[in-house]
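What follows is a set of notes on a single structure, which appears directly below.
2 protein chains.
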Amino acid sequence: EASVKVIDGKKVAKDVRDEINAEITRMKDSIGVVPGLAVILVGDRKDSATYVRNKKKACEAAGIKSYEVCLPENSTEEEVLKYISDFNDDPMVHGILVQLPLPSHMDEEKILHAVCIEKDVDGFHPLNIGQLAMRGREPLFVPCTPKGCIELLHRYNVEIKGKKAVVIGRSNIVGMPAALLLQREDATVSIVHSRTKNPEEITRQADIIIAAVGKPNMVRGSWIKPGAVIIDVGINPVEDATNPRGYRLVGDVCYEEAIKVASAITPVPGGVGPMTIAMLLSNTLLSAKRINNFK
Amino acid sequence: EASVKVIDGKKVAKDVRDEINAEITRMKDSIGVVPGLAVILVGDRKDSATYVRNKKKACEAAGIKSYEVCLPENSTEEEVLKYISDFNDDPMVHGILVQLPLPSHMDEEKILHAVCIEKDVDGFHPLNIGQLAMRGREPLFVPCTPKGCIELLHRYNVEIKGKKAVVIGRSNIVGMPAALLLQREDATVSIVHSRTKNPEEITRQADIIIAAVGKPNMVRGSWIKPGAVIIDVGINPVEDATNPRGYRLVGDVCYEEAIKVASAITPVPGGVGPMTIAMLLSNTLLSAKRINNFK
Ligand SMILES: NC(=O)C1=CN([C@@H]2O[C@H](COP(=O)(O)OP(=O)(O)OC[C@H]3O[C@@H](n4cnc5c(N)ncnc54)[C@H](OP(=O)(O)O)[C@@H]3O)[C@@H](O)[C@H]2O)C=CC1
Ligand SMILES: NC(=O)C1=CN([C@@H]2O[C@H](COP(=O)(O)OP(=O)(O)OC[C@H]3O[C@@H](n4cnc5c(N)ncnc54)[C@H](OP(=O)(O)O)[C@@H]3O)[C@@H](O)[C@H]2O)C=CC1
Numbered sequence: 028e029a030s031v032k033v034i035d036g037k038k039v040a041k042d043v044r045d046e047i048n049a050e051i052t053r054m055k056d057s058i059g060v061v062p063g064l065a066v067i068l069v070g071d072r073k074d075s076a077t078y079v080r081n082k083k084k085a086c087e088a089a090g091i092k093s094y095e096v097c098l099p100e101n102s103t104e105e106e107v108l109k110y111i112s113d114f115n116d117d118p119m120v121h122g123i124l125v126q127l128p129l130p131s132h133m134d135e136e137k138i139l140h141a142v143c144i145e146k147d148v149d150g151f152h153p154l155n156i157g158q159l160a161m162r163g164r165e166p167l168f169v170p171c172t173p174k175g176c177i178e179l180l181h182r183y184n185v186e187i188k189g190k191k192a193v194v195i196g197r198s199n200i201v202g203m204p205a206a207l208l209l210q211r212e213d214a215t216v217s218i219v220h221s222r223t224k225n226p227e228e229i230t231r232q233a234d235i236i237i238a239a240v241g242k243p244n245m246v247r248g249s250w251i252k253p254g255a256v257i258i259d260v261g262i263n264p265v266e267d268a269t270n271p272r273g274y275r276l277v278g279d280v281c282y283e284e285a286i287k288v289a290s291a292i293t294p295v296p297g298g299v300g301p302m303t304i305a306m307l308l309s310n311t312l313l314s315a316k317r318i319n320n321f322k
Numbered sequence: 028e029a030s031v032k033v034i035d036g037k038k039v040a041k042d043v044r045d046e047i048n049a050e051i052t053r054m055k056d057s058i059g060v061v062p063g064l065a066v067i068l069v070g071d072r073k074d075s076a077t078y079v080r081n082k083k084k085a086c087e088a089a090g091i092k093s094y095e096v097c098l099p100e101n102s103t104e105e106e107v108l109k110y111i112s113d114f115n116d117d118p119m120v121h122g123i124l125v126q127l128p129l130p131s132h133m134d135e136e137k138i139l140h141a142v143c144i145e146k147d148v149d150g151f152h153p154l155n156i157g158q159l160a161m162r163g164r165e166p167l168f169v170p171c172t173p174k175g176c177i178e179l180l181h182r183y184n185v186e187i188k189g190k191k192a193v194v195i196g197r198s199n200i201v202g203m204p205a206a207l208l209l210q211r212e213d214a215t216v217s218i219v220h221s222r223t224k225n226p227e228e229i230t231r232q233a234d235i236i237i238a239a240v241g242k243p244n245m246v247r248g249s250w251i252k253p254g255a256v257i258i259d260v261g262i263n264p265v266e267d268a269t270n271p272r273g274y275r276l277v278g279d280v281c282y283e284e285a286i287k288v289a290s291a292i293t294p295v296p297g298g299v300g301p302m303t304i305a306m307l308l309s310n311t312l313l314s315a316k317r318i319n320n321f322k
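Chains as they are written, first to last, in our numbering: chain P, 28 to 322; chain F, 28 to 322.
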């Protein structure tokens with residue numbers, strides 16, 4: 028256990044944010060441009076409000092100007108589209124985020140597609156995903172959470188090329204783009220999902236595991252090859268009477284068991300979570316640089 | 028060996044073409060529309076000319092009107108773009124194919140992107156690939172060769188859901204979209220490529236193998252799990268003095284060995300090859316139906 032490295036996402040995210048901060052200062056000093064991120068929140072879901080507040084705080088700390096629009100639950104699609112269209116045209120805004128989920132009376136796909144691709148810092152547009160999937164193409168933005176996973180591997184000098192990687196989960200926002208990214212870096216990738224038979228048998232072959240399922244402690248110690256590196260994306264609340272809130276957060280990987288087998292692992296919280304926001308700031312900076320042709 | 032099924036791509040392709048033919052007649056009789064496919068050939072590569080000629084012949088046989096443009100090697104990008112733009116606007120044309128490779132002085136990506144996505148029957152546009160990769164989205168067209176591979180599995184009642192599939196090769200036109208298609212049908216997919224260590228070990232676990240590498244006989248009998256189903260996309264010329272042409276075509280899978288282990292296998296030639304053109308006709312029909320809102 029002594030040699031197991033706990034991958035400190037909080038620390039890496041701070042390093043990344045410091046670097047972003049320095050770049051933003053350099054850009055501001057040299058061309059007078061400050062990156063701007065617009066966030067649109069519809070409805071009054073508590074968790075969404077928390078996410079938006081955290082994003083805003085992180086923007087401010089990094090020197091990114093944030094523009095926030097909060098609309099009531101019963102807003103119309105047209106109102107949301109109008110804001111998006113204004114932000115698309117606004118030269119002060121370099122990234123536009125629509126906080127999901129939207130109220131059920133709205134067409135999520137239609138609204139997300141209204142964000143112009145140059146400002147789609149989430150990187151969820153199918154054109155962007157296609158470019159991620161294709162050899163010889165470059166996506167405009169890499170989706171934040173998978174980008175954060177790979178950044179952690181890079182910063183901890185985990186070799187990806189030629190390694191066997193298993194991604195558990197294939198959602199549009201985490202699992203699938205994470206698999207595409209690993210493949211771009213020449214890992215041999217297998218994707219495990221809810222229809223997979225014997226997921227443990229496949230997972231046990233992996234040198235690198237990315238788990239993004241949403242099932243607390245699903246990946247047990249016996250699923251893990253000794254020495255594997257584990258990135259645990261899951262954030263799952265489980266009841267915990269000893270915790271003042273009555274619950275605590277755990278990952279998709281059983282940390283206590285995994286840490287005895289893996290060579291490195293991200294904790295939950297403090298692993299991938301902080302990286303996601305850092306990558307959002309990184310994408311916003313990237314966008315501001317690209318739009319202003321600043322190198 | 029008696030129980031091994033040789034997957035007869037020629038026969039299936041003929042069945043598909045007959046069905047297409049019937050649909051085209053029905054559409055013509057009911058709304059007077061005949062599907063049209065435009066093919067643009069630049070330069071005088073012999074193999075490209077052969078492909079174009081075969082496509083044209085197949086179109087005619089199926090009742091699709093083909094429009095052919097042959098431009099000299101030293102044409103300009105603008106000339107090609109002009110033809111594409113005319114075909115984009117032409118209501119008689121429902122599919123546009125630019126035969127690859129283009130002469131080296133042309134920007135392939137730029138030219139392919141000029142084809143409007145509603146007529147991109149090859150399905151290579153990144154927006155289309157993104158939609159193929161994403162859950163809950165539907166691509167306008169599925170690329171022809173991978174579509175042909177899956178169609179063969181369907182017509183031979185090979186169950187895909189929950190099966191382990193290995194795709195060898197990850198090109199934009201075959202391997203990668205084939206993997207995405209298998210995943211859409213709930214296979215557990217692993218992708219083997221040139222950086223994969225121990226490809227045989229991974230391949231040996233597969234219930235379904237799709238090989239699209241371009242290396243004659245690379246997949247040996249020992250790579251194959253008894254009872255696996257094999258789709259061999261490779262078309263490789265190898266020297267053969269006994270053949271009047273001096274060569275013959277073989278696949279990426281060593282057929283003589285594979286047929287002793289597999290439960291079903293496509294031959295080369297006569298497997299995937301004939302399906303590719305059949306799927307091009309299928310995509311052209313699909314496009315004509317969609318553009319004319321014909322069900
Ligand atoms: N750290 C961060 O910043 C972020 C964390 N998360 C967390 O990551 C987790 C996953 O999120 P997300 O991708 O959005 O979730 P989704 O629910 O969209 O996707 C879950 C995926 O897991 C697969 N799955 C479900 N059950 C099983 C099973 N028993 N075995 C194998 N695979 C299974 C599903 O398969 P199928 O496709 O077959 O249904 C699906 O592909 C959640 O805990 C979420 O909170 C998410 C985003 C950001
Ligand atoms: N039947 C039909 O209608 C068609 C047949 N074909 C045939 O299919 C074959 C593949 O075509 P295409 O996809 O265009 O070829 P590409 O050359 O574009 O791609 C070949 C793929 O195979 C991988 N590869 C190369 N060497 C190895 C190896 N030793 N082990 C594992 N993987 C390897 C490459 O990996 P990496 O990405 O790492 O370089 C690459 O992803 C060819 O024989 C072609 O003629 C193609 C199209 C249509």
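Beta carbons: idealized from backbone N, C-alpha and C, even for Gly.
Segment contact: the segment 125-140 of chain P against the segment 134-145 of chain F, fewer than three CB-CB distances shorter than 8 angstroms; contact not assigned. Around the Cβ of residue 228 of chain F, a 10 Å sphere holds fewer than 16 other Cβ atoms; the residue is exposed. Counting of Cβ neighbours within 10 angstroms places residue 257 of chain P among the buried residues, the total reaching 16 or more. Chain-order list of chain F residues neighbouring residue 213 of chain P: 220, 221, 222, 223, by C-beta distance under 9 angstroms.
In this structure, residue 293 of chain P has its CB at a distance of at least 7 angstroms from all heavy atoms of ligand 2.
The Cβ atoms of residue 289 of chain P and residue 268 of chain P do not sit closer than 8 angstroms to each other. Under the DSSP assignment, residue 178 of chain P falls in the alpha helix (DSSP H) whose first and last residues are 171-182. Relative to ligand 2, residue 189 of chain P has its C-beta separated by 7 angstroms or more from all heavy atoms. Take the alpha-carbon of residue 225 of chain P and the one of residue 191 of chain F: they are about 10 angstroms apart. Residue 74 of chain P carries a helical assignment under DSSP once its states are collapsed to helix, strand and coil.
Under the 8 angstroms criterion on CB atoms, residue 154 of chain F is classed as interfacial with respect to chain P. Here the residues close to ligand 2, judged by CB distance below 5 angstroms to any of its heavy atoms, are F:172, F:196, F:197, F:198, F:201, F:220, F:221, F:239, F:240, F:241, F:260, F:261, F:262, F:299, F:300, F:303 in chain order. When C-beta distances to chain P are compared with 7 angstroms, every residue of the segment 124-138 of chain F stays at or above that value. About 5 angstroms separates the CB atoms of residue 86 of chain P and residue 64 of chain P; that is less than 8 angstroms, so the two are in contact.
The alpha helix (DSSP H) runs lying completely inside the segment 107-175 of chain P and spanning 4 residues or more are 135-141, 153-160, given in chain order. Ligand 1 never approaches residue 306 of chain P closely enough for any of its heavy atoms to be under 7 angstroms from the residue's Cβ.
A Cβ-Cβ contact shorter than 8 angstroms links residue 239 of chain F with residue 202 of chain F.
With a beta-carbon spacing of about 22 angstroms, residue 314 of chain F and residue 163 of chain F fall beyond the 8 angstroms limit used to define contacts. Ligand 1 has no heavy atom closer than 7 angstroms to the beta-carbon of residue 99 of chain P. In the displayed model, residue 295 of chain F falls within coil according to three-state DSSP, outside both helix and strand. Residue 281 of chain P sits in coil when the DSSP states are folded into three classes, being neither helix nor strand. Interface with chain P (8 angstroms Cβ-Cβ cutoff): residue 122 of chain F is excluded. As a beta-bridge residue in DSSP terms, residue 236 of chain F pairs with F:193, F:257. Annotation for residue 158 of chain P: 164, 165, 166 place their beta carbon closer than 7 angstroms to its own, counting only its chain and skipping 5 residues before and after. In this structure, residue 66 of chain F lies away from residue 84 of chain F, with their beta-carbon atoms at least 8 angstroms apart. Interface residue (Cβ-Cβ distance to chain F less than 8 angstroms): residue 216 of chain P is classified as such. Contact between residue 259 of chain P and residue 279 of chain P holds: their C-beta atoms lie close to 6 angstroms from each other, under 8 angstroms.
A distance of 8 angstroms or more separates the beta carbons of residue 69 of chain P and residue 120 of chain P.
At a cut-off of 8 angstroms between C-beta atoms, residue 160 of chain P counts as an interface residue with respect to chain F.
Chain order gives the chain P residues near residue 203 of chain F as 160, 161, 162, where near means a beta carbon separation below 8 angstroms. With 16 or more other CB atoms across the displayed protein chains lying within 10 angstroms of its CB, residue 291 of chain P is buried.
Around the beta carbon of residue 134 of chain P, fewer than 16 other beta carbons lie within 10 angstroms, which makes this residue exposed. If the five residues before and after residue 79 of chain P are omitted, its C-beta is found closer than 6 angstroms to the C-beta atoms of 66, 68, 126, all from its own chain and listed in chain order. For residue 248 of chain P, no alpha helix (DSSP H) segment is defined, and its DSSP state is neither H nor E.
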